[in-house]
Amino acid sequence: MEVKKGSQSVLGDIYTTLDLELINTYHSDLENVTNIVFCSDKTAFVGSLNSSKIQKINFETNNIKVETEILIEVNDMAKFTDNEILVATGQSGLTLYTKDGQFTTFKSFSPLKTASVHVTKNKKIIVGLVEYTLDIFRIAKDSHRKVMIMNQNGDIQHTIEYDRDNQRLLTCPYRINSLKDRIVVVDNTDKKREGRVVMFDYGGKLHWTYNGCNRIISDQVKFYPRDVSITSTAMILISDQINHAIHVTNPAGKVIVCCDVKVLDSLS
């Protein structure tokens, strides 16, 4: 899929927007694809939660070639260095897959478990954590739903769980991204994977909450955010799985456009 730039005027402001164009498709034998981490234009790690595996793949002209297949539980993963990835397995340890094909525990967060992981442009590591529980969406007084920020050595620099008014920021931090010194989190809020997207800073100041665009979301139609990406022009792209949409917001959390991507499937 190719992203093309356009422009749109919103209340007197000019924003760069996106036009999505399908340029190629690649078919995978994985049951589902929940993560893609690019090493280069031609290679990537692809993770599958349902298949409990990660594949290192090479992109060829019209297909993909599996170079390595790794059996591991994978909730989320992020590029650490070239050909090394950090894996949030849903257990207490954050796992590092090294260049020589070995797994090591990068950091243990026991008694919490890792839900998500992100590496920032300046190499900070951000991990989403929850406690072990049968119902992750049931919040009790002793529940822990937080993010931790570390350096490359695994030294914890910030722990964020509550905002400045001592209110919980998160229910389940499913995906994480970052924009300068601010953290953008896809927060799942119930068993159906409804959710929201929140932005806060390292001090716990909540900057905004995005609950979906009114053109799609209503009393009958909910918001199901699954992943978040940020472009070089600071546009925030949010995939909305069940609604087959990509929501585009500016850095202030204001929606610019909602793109229906069902039409792209008919072209594949």
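So in this note's numbering the end of the sequence shown lands on 395, straight run, no missing numbers.
C-beta: ideal position from N, C-alpha, C; glycine also.
| query | result |
| --- | --- |
| Proximity below 8 Å, CB of arginine 302 to CB of valine 313 | yes |
| Endpoints, the beta strand (DSSP E) within which valine 257 is located | 252-258 |
| Spatial distance of phenylalanine 165 from isoleucine 357 (CA atoms) | 15 Å |
| Check whether threonine 232 and threonine 225 have beta carbons under 8 Å apart | no |
| Alpha-carbon spacing of threonine 286 relative to asparagine 190, whole angstroms | 42 Å |
| When Asp168, Gly339, Lys169 and Ile310 are compared against glutamate 98, the one with the closest alpha-carbon | Outside the displayed span of the chain (128 to 395) sits residue 98, for which this structure offers no information. |
| Pick from Leu198, Lys349 and Asp328 that is closest to lysine 318, judged by C-alpha positions | Lys349 |
| Sheet register partners of aspartate 314 (DSSP bridge) | Pro300 and Arg323 |
| Threonine 152, buried or exposed, once every other Cβ within 10 Å from all chains shown has been counted against 16 | exposed |
| Status (buried if at least 16 other CB within 10 Å, exposed otherwise) for serine 243 | buried |
| Proximity to isoleucine 163 [Cα-Cα], best of Ser237, Leu147 and Val201 | Val201 |
| Of the listed residues Thr260, Arg291 and Leu306, nearest to proline 378 (C-alpha basis) | Leu306 |
| One or two residues paired with histidine 374 in a DSSP bridge | Ile365 and Cys385 |
| Exposure label - cysteine 385; buried when at least 16 CB within 10 Å | buried |
| Cα-Cα separation, tyrosine 329 to lysine 206 | 21 Å |
| Cα-Cα separation between leucine 396 and alanine 361, rounded to whole angstroms | Because the chain in this structure spans residues 128 to 395, residue 396 falls outside the shown range and cannot be described. |
| Coil, strand or helix - valine 160 by DSSP | coil |
| Neighbourhood of glutamate 211 by C-beta, 8 Å cutoff - its chain only, sequence neighbours within 5 removed | Leu223, Tyr224, Thr225 and Lys226 |
| Cβ pair histidine 271, valine 254 closer than 8 Å | no |
| Reduced DSSP category for valine 173 - H, G, I as helix; E, B as strand; rest coil | strand |
| Coil, strand or helix - lysine 132 by DSSP | For lysine 132, the predicted structure reports a pLDDT of 46, less than 50, and the residue's modelled location is therefore unreliable. The matter cannot be settled from this model. |
| Which of helix, strand or coil DSSP assigns to valine 201 | coil |
| Same chain, Cβ closer than 8 Å to phenylalanine 236, neighbours up to 5 away in sequence not counted | Ser219, Gly220, Leu221, Val254, Leu256 and Met275 |
| Backbone secondary structure at valine 246 - three-state DSSP | strand |
| Within 8 Å, strictly: CB atoms of valine 160 and serine 175 | yes |
| Three-way DSSP call (helix, strand, coil) for valine 348 in this model | coil |
| Residues bridged to lysine 180 [DSSP beta-bridge criterion] | Ser175 and Leu198 |
| Assigned exposure category for lysine 192 - 16 Cβ within 10 Å defines buried | exposed |
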